[in-house]
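Under this note's numbering, the residues of the sequence shown are numbered 31 to 235, in order.
Every residue gets a Cβ at the ideal spot worked out from N, C-alpha and C, and that includes glycine.
All of these numbers come straight from a predicted model, not from anything done at the bench.
Structure record follows, encoded as structure tokens.
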Amino acid sequence: MDSIIFDLDGTLWDPSKTVARAWSEALSNLEYAKGEITEDDLKRTMGLQIQQIAEILFDYLEKDKQMEVINECCRIERRYLRQDGGELFRDLEKVLDHLSKTYKLYIVSNCQDGYIESFYHYHKLEKHFLDYENPGRTGLSKGENIKLIIERNQLKSSIYVGDTQGDKDAADFAGIPFVYAAYGFGELSEYDYKIDQVSDLLEIF
């Protein structure tokens, strides 16, 4: 194995508190939006693409309005995350430092453009990763973006680490093994490897 590709939310960090505040502010800025966004709202949509999240959280609006709301949420979210970050899972920095000495590390997440950059900016972890991708930049599915990372970086033997069924499906699509981060937001029964905390990666690799 020469590389490890990571999901972001629920795998490397939990940004729910920061994002819930940002999205609630976004809703207050739009007269046709209502209510507020909670951490539970976000956690039940983790791993989905932006359009799918909009359909679930703003189902009382027409599709064009749903996208207006979600785009405003994402705009404010980037500012909040750059200022306040999210909650890194325990021992993450130590584990990344150790793994990056042996393996090439990457991120593929179902997020908008600028989201991974906000993660890098606040937590100063960009030094551990060689490349990243998301549908906000490519318009592709997570599985297609994993394949893009593999092809672009000429990787020979990769593995994907994530926490949801969507992550497992994406790894299957890309034809690579899957590590289930059981401490994240999803519940899975099928996987190639399972970790209960980030540091368990050091036992696998």
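Open item on the list: Can you give me the C-alpha to C-alpha distance between Gln-184 and Asp-37, rounded to a whole angstrom?
Closed with: 19 Å
Open item on the list: With H, G and I counted as helix, E and B as strand and the rest as coil, what does DSSP make of Asp-226?
Closed with: Look at Asp-226 here: in three-state DSSP terms it is coil, with no helix or strand label.
Task: Whole-angstrom C-beta distance between Pro-207 and Ala-201, which should lie under 8 Å - done: 7 Å
Open item on the list: As an exercise, report each continuous alpha helix (DSSP H) stretch of at least 4 residues that is fully enclosed by the segment 181-215, in chain order.
Closed with: 195-204
TODO: Below 8 Å on the Cβ atoms is my guess for Leu-111 versus Tyr-150; work out the distance and round it to an integer in Å.
DONE: The distance from the Cβ of Leu-111 to that of Tyr-150 is about 10 Å, inconsistent with a contact at the 8 Å cut-off.
Task: Residue nearest to Ala-63 in terms of C-alpha spacing, selected from Ser-46, Cys-103 and Ala-212 - done: Cys-103
Task: 8 Å CB neighbourhood of Phe-88 in its chain, flanking five on each side removed - done: Counting only residues of its own chain and dropping the five nearest sequence neighbours on each side, Phe-88 has a CB closer than 8 Å to the CB of Ala-63, Lys-95, Gln-96, Val-99 and Ile-100.
Open item on the list: Among the candidates Ala-204, Gln-195 and Tyr-223, whose CA atom is the shortest distance from the CA of Gly-40?
Closed with: Gln-195
- [ ] Go ahead and label Tyr-90 buried or exposed: buried means 16 or more other beta carbons lie within 10 angstroms of its beta carbon, across all protein chains shown.
- [x] exposed
Open item on the list: Let me confirm a value: Gly-144 is counted as buried when at least 16 other C-beta atoms fall within 10 Å, else exposed. Which label applies?
Closed with: buried
Task: Helix, strand or coil at Ile-67 [DSSP, three-state] - done: Three-state result, Ile-67: coil.
Open item on the list: Rounding to the nearest angstrom, what Cα-Cα distance links Glu-220 and Tyr-210 in this structure?
Closed with: 9 Å
- [ ] Taking only runs that begin and end inside the segment 90-125, name each unbroken beta strand (DSSP E) of 3 or more residues, in chain order.
- [x] Entirely contained in the segment 90-125, not one beta strand (DSSP E) run reaches 3 residues.
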